[in-house]
Structures are given as C-alpha cells and as structure tokens.
Amino acid sequence: MRGHGRGGESRRREDGGGHSSSLELNSLSAPTTATCLSVLIQAAAVDPTCHTENSVLLNSRSPFLRAQPVTTMAPTPQLLGLLVVLLASARAVSVSLPALPLSTSSRWVVGADGRRVKLACANWASHLEPVAAEGLSRRGVGDIAARVAAMGFNCVRLTWPTYLATNATLSSLPLRWSLEILGLRESAAGVRVNNPDLLDLPLIDVFREVVSALANNSIMVILDNQMTTPGWCCSRSDGNTFFGDKYFDPEEWLKGLSAMATMFKNTKNVVGMSLRNELRGPYQNISLWYRYMQQGAEVVHAANPNVLVILSGLDFDNTLSFLFTKKVELSFTGKLVFEQHWYGFSDGTDWDHQNQNDACGVSVESIRTKGLFLLQQGWPLFFSEIGFDMSGTHTSDNRYLTCFLSVAAEMDLDWAIWALQGSYYIREGILAYDETYGLLSWDWCTARNPSFIKRINPLQSPFQGPGLPNSQKPYNVIFHLLTGLCVLVKSANSLKLGPCDESNAWNYTSTSELILKHTGQCVEAKSVGDTAKLGAGCGKSCSKWQLISNSSMHVSTELTKNGTRVCLDASPDGVIMTNPCRCLSEDPYCNPESQWFKVILSSRGIPAEASILQLPSVGPWPATSSSSW
C-alpha cells in the first residue's frame, strides 16, 4: 500500500507531500445542494449534489479528455431535473460486466466466453479503523461507484481487515457507532446526509452494500485482505507483517478467507480474492509462504470456486522471484493469478538524481527479475498497486509513472491504481487526511488529476489477448507515453498524435522499418527539425528506426545526407517531428518524455485500416514488439 518506504515506516515527503489537510472540521459536513453543474455530463463524472468552486468535468470515454472550469451557480429546479435525467441516461448505457466467472488462459485473465478481460482497477480502502469504505460521508455510495465507471475503470480492489470476517462484535457494529467511537461525529453526520440507509447498518452489511453499488455500475470487485486489525498498512512493526506475527494467526486468517469467499459466493461481480496484502517484516520466509499461501488458495477455492485466487509476494509485495525455480502446487487450475506492487519508492531507484533513461532501465530490469518473468512463463501477473502523487509536482513520481506506463503498454498489464479515495475519515490519527495519491479530490467531488485519466484511457482496454472484438493478426501501434496518444497518419507529409482506438496499423520489421500496413510506405526522416514523413524508400538509412538509450524508448534514425542522428519527437500540438535526440544519458535534469515512444503489439480492430494511402503492399512483414520480452 502507498505509505511505506523501504524501511517500512509511513512515507513522508520532506516538502510536505502526503500531509493532512488543514481544513477545519466543520468542512467535513455534508455538501450543499447542487453546485457542480455541466452540460458535458455524458460520463456521469459530475453530480448535481457535489459542491466545489472549481469543478472538473470528465469524459474519460473520450480520448481527448479535457478539464474545464465551471462557474459555481445556484441551479433552478428545472435545470436540476434535466441534469438528473441526463445522469440517469449516461449511467444506463454504462459498460456491462464481462461474461463471468473469470478464469485464466496462460498469462491472460479471460471471461467465461474465452475473451480477454483486462483488469483496469482502482483501489478503494475499507480496512482502516472505521472498517467502512472511505468517502461515505462525502458522496452517495452509488455516486462513488458511478464515478469509478465514468473514469473508465472496470474493477475495484476493495480492501478489508480479517477481523471484519472473524470478529462478530466488530462485524455487527453499526457504522454510526464505529465512527462515533473514534470521535468522528462529523463523518457520521456526513453519512447521515449522503448515505442515510447505511448509517445504522452493521459494518459487514455496509461492506456488502458497497459491493452491490459497484455491481449496479457493472464494476468487478477483487476482495483484498489488507490487514488483520483495522488500520493503516503497512510497516514492519504493526503486528500484521507475516504469518505468526502478533496479529497474524494463520488459522484465523484462513477462517476469514473462507468466510468472505462463502459470503460472496453468489455475488456475481466479486471476481477475485487477493489473499494478503504486502507480506513483509522479520518473520517472512519462503517456506512458510508456500505452506500458508497454498493453504489459503485451497480454502478460498473450496468455498468459492468461481473467484480468481490472487497471491502476493514478499518484501511488501515487491518480489516474487522465488517462483522462478519453484512453482505453487494447487489441486485446481485456471484460477491462479499473482500480484506485484510497484511504486517510485519501492525499488530504490534514484529517480531524482539519475538520468531518466538510465533510471527507467534499471527499474524495469529490477521489476522484470522480481515478477515480470511470470508473464513469460505463462502466468497472469496483476500489478495490484501502482501510484503516484497526483499533484504532478514531484519529479520522482512523474518519472516513475511514465516508466510504469511504458511497461503497462508494452506488456498490456492488468493493474490497479492506488487509490480511489481523495481523503480518509481518519488515517494515522489525522482526521480528514488528504490522500495526495487519490484519483478523487479531497472532497470527492472532482478528479484530482484529469490529465492522468486521459493518459491512462488507452491502457484501460486490452491491446492483446484471446478473443478481442474484431480482432486482427498482430500489428504494431506507436504509443506516446507522455500523452497517452498514438501516431496516426494524416497525410504522406503529416504524422500526428491521436486517439489510440483510431490508430493505424504499423509493422515494425526485423530490419527496423516502420511500415504502414497494406502500403509500401514507411516512416522517413528528411532533415533535422522537419516533420516525419511517409515515403517509399524503405531501404534507406533514414528509414531504419532503432530503439536507443537505456529506456529503449527513443525511436532513432540517421539522416541519409550526413548521418546525423535524429529521434521522433512530439511537438506541443502533437505533430511528429524528427529532432536531435535528447537526454540519452548522463544528464539527470533533462526531460526526454516528448521523445519517448513504445512500439507495441496490438490485435484490436483497426478503425483506420481504410487508409488514405492505399498503395500496393510489398509485405507482409511480421509484427514485432519493441523489446525482447
């Protein structure tokens, strides 16, 4: 979970990032009536009961997501009615659940129909001291679920503490009492306004209602056992670290897993169970990991054979390297998934003071040896926690994020962002703690970082895998990491960034040409500072595109006239240029991201297949990935 460093203590930034909000407690009261308004309501990301002075409007279904300020105003009853109708219509056409139950096919998660189901998830915390999903004092539970869907996510990793399933006194405690015992009277008042039907329900029933609200919005749920005792995770000394620790009795843990698996056996949208979050600390050892994780997997499968069984690794779930030589032995097949975490602070990479290409190369190699190798061995790997400071002001997090996105795109990973919640009832003793890693703002009214939602939009749908709609033979897509857009052909003299679902099909050949499918045309560089062009001279040096730098994300060629090396570069308006290669090594302060591209495999349908340049094909050329994964 976001919040630990390598030493296991709660993470604090020297510049104050991750701080608690200094807002007065009276600001925790329920939002006033109807001040978040917009006519651009198609994505259901703005609700007329949400109060904020600068609302951000989202339409994540559009590849050109834009943030737009909205003038706060008092709506008329007629306008409110219209907005409610529009919201209802938008939610009614939301994406439906895949064919369930899920299973695995080699490295892929697939539906009951055999089609790839990509897990694009958000973590929603429900394991801290109140033992209730965060945000119920801020927004209606159905509204929160609708926002998850509106931002393009198809699943939630919903956390829970073991005691919720094994301690009857805790599980039967009404939500009102849980909040008031902790002195959270303002939160209780917020729940009374936003979720009155939940206030006096037992905590276990509140948890069920959250799952139900997600189901109503076609959101899959993965139940994640974060801790035994309710509270913030994780440290090396919290008594929840590993089997046999003070609060980590293996028998009670197995009992809790069985209870939760049984409870949700007939709940269709509960598609997986993550057995334990971030095993760690001085007690961890490999032999006990095999013993108990295999037992846990068998217990869950016996109680609920429909769910995926998800196993985490050691060292805060940073490593699964021990699986390279010894596999898990289970009585069942087709349900096992492994999970790994990757944050900017989790592998010791010096993102601040190392050249960005070098840092990314080192970090990716570390992640490869610790877990990514499982994909090559034919096992599904779920990056169940990735995250960064959504303020966009921290260089190390920004650099890490782009590096992660490069791997997520190239490997077409399943992943879950930490976190959905914009704030907590209470965290580490601080009321209304502001989650700077949160997708939502502190008041849960808007997206904290709309540009990030736009950027990850292409990665919320699969590029590869069995049974994709209108699937094609594999081809290549040229993906730009900084923008989340792909290279499109506008004319022979114009390549420009655009939505990836409108991408042309390319072939990156074994002789390093980038050739447009069904044509004899390939990408050429004419001169320094010129636009990249299509031409027929595919044998020329200026048409041989190599992947250079330690990140392998600079797409580079040599000019025919003088041998000058240039790289593809995206201008601020999205035009693809051929500029001098930048930041290849050494300089730790140079930003190369406008020149970072990934040539990735795809078998999606090709909307742009009817190209404006239908010249005779001189192929075929085998599509390849931009690395040797």
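Residues in the sequence shown are numbered consecutively from 1, following full-length UniProt numbering. Built from N, CA and C at the ideal position, the CB exists for glycine as well.
Inset, instruction - Could you give the DSSP three-state label for LEU214: helix, strand or coil? - result: helix
Legend entry - ASN449 at chain B interface by Cβ criterion, 9 Å: The structure shown contains no chain B; it holds only a single protein chain.
Legend entry - Residue(s) in a DSSP beta bridge with LEU223: LEU158, MET273
Legend entry - C-beta contact flag for SER603 and GLY465 at 9 Å: yes
Inset, instruction - Just tell me which of SER137, ALA99, ARG176, MET227 has its CA closest to the CA of THR159. - result: MET227
Legend entry - Distance CB(residue 630)-CB(GLY392) smaller than 9 Å: Because the chain is modelled from 1 through 629, residue 630 falls outside the range shown and cannot be assessed.
Legend entry - Contact check, VAL489 vs VAL555, beta carbons under 9 Å: no
Inset, instruction - Answer yes or no: do LYS335 and PRO305 have a C-beta to C-beta separation smaller than 9 Å? - result: yes
Inset, instruction - Inspect the beta-carbon positions of SER363 and ARG138 and report whether they are closer than 9 Å. - result: no
Legend entry - Straight-line Cα distance separating GLY152 from LYS246: 40 Å
Inset, instruction - Check whether the Cβ atoms of LEU401 and VAL407 sit closer than 9 Å, and answer yes or no. - result: no
Legend entry - Residue nearest to LEU213 in terms of C-alpha spacing, selected from ALA168, LEU254, LEU136, THR166: Checking the sequence, you will find Ala at residue 213 rather than Leu. Checking every option, the nearest Cα to that of ALA213 belongs to LEU136.
Inset, instruction - Quick one: grab the DSSP three-state call for SER363. - result: helix
Legend entry - Short Cβ contact (9 Å threshold) for ALA122 with CYS155: yes
Legend entry - Contacts around GLU410, its chain only, beta-carbon distance under 6 Å, and the 5 residues preceding and following it disregarded: LYS598, ILE600
Inset, instruction - Report the rounded CA-to-CA distance for GLY114 versus THR333, giving the unit in angstroms. - result: 15 Å
Legend entry - Pair within 9 Å by beta-carbon distance, residue 631 and ASN579: This structure cannot speak to residue 631, because the chain is shown only from 1 to 629.
Inset, instruction - Please work out which residues of its chain come closer than 6 Å, Cβ to Cβ, to ALA120, disregarding the five sequence neighbours upstream and downstream, and give them in chain order. - result: PHE153, ASN154, GLN460
Legend entry - Identity of the residue in VAL117, GLY281, LEU257, THR531 nearest SER274 by Cα: LEU257
Legend entry - Residue environment, GLU513, which counts as buried when at least 16 other CB atoms sit within 10 Å: buried
Legend entry - Short Cβ contact (9 Å threshold) for ALA165 with MET293: no
Inset, instruction - Taking the CB atoms as reference points, tell me whether VAL528 and ALA505 lie closer together than 9 Å. - result: no
Legend entry - Residue interval of the alpha helix (DSSP H) (run including LEU374): 373-376
Inset, instruction - State the Cα-Cα distance for the pair GLN376 and GLU278, rounded to the nearest angstrom. - result: 23 Å
Legend entry - VAL191: first and last residue of the uninterrupted alpha helix (DSSP H) it sits in: 185-194
Inset, instruction - Compare the beta carbon distance of GLU129 and TYR425 with 9 Å and say whether it is the shorter of the two. - result: yes
Legend entry - Buried or exposed by the 16-neighbour rule on C-beta atoms within 10 Å, applied to ALA150: buried
Legend entry - Same chain only: Cβ atoms within 8 Å of LYS544, ignoring 5 sequence neighbours per side: THR511, SER512, GLU513, THR557, GLU558
Legend entry - Residue span of the beta strand (DSSP E) that contains PHE382, given as start and end: 381-387
Legend entry - Alpha carbon of SER172 to alpha carbon of SER178, nearest angstrom: 10 Å
Legend entry - Residues near SER321 by beta carbon distance below 7 Å, same chain, minus five either side: THR369, LYS370
Inset, instruction - Mind the definition here: the stretch 236-254 touches the stretch 189-204 only if three or more C-beta pairs lie below 8 Å; say whether that holds. - result: no
Inset, instruction - Measuring alpha carbon to alpha carbon, tell me which of HIS127, ASP197, TRP415, VAL210 ends up nearest ASN170. - result: Strictly speaking, residue 170 in this sequence is Leu, with Asn absent from that position. It is HIS127.
Inset, instruction - Please report the residue range of the beta strand (DSSP E) in which VAL299 lies. - result: VAL299 -> not in any beta strand (DSSP E); alpha helix (DSSP H) instead, spanning 286-303.
Inset, instruction - Select from ASN285, ASP197, GLN354 the residue whose C-alpha is nearest the C-alpha of PRO588. - result: GLN354
Inset, instruction - Identify every residue that forms a DSSP beta bridge with ALA447. - result: LEU440
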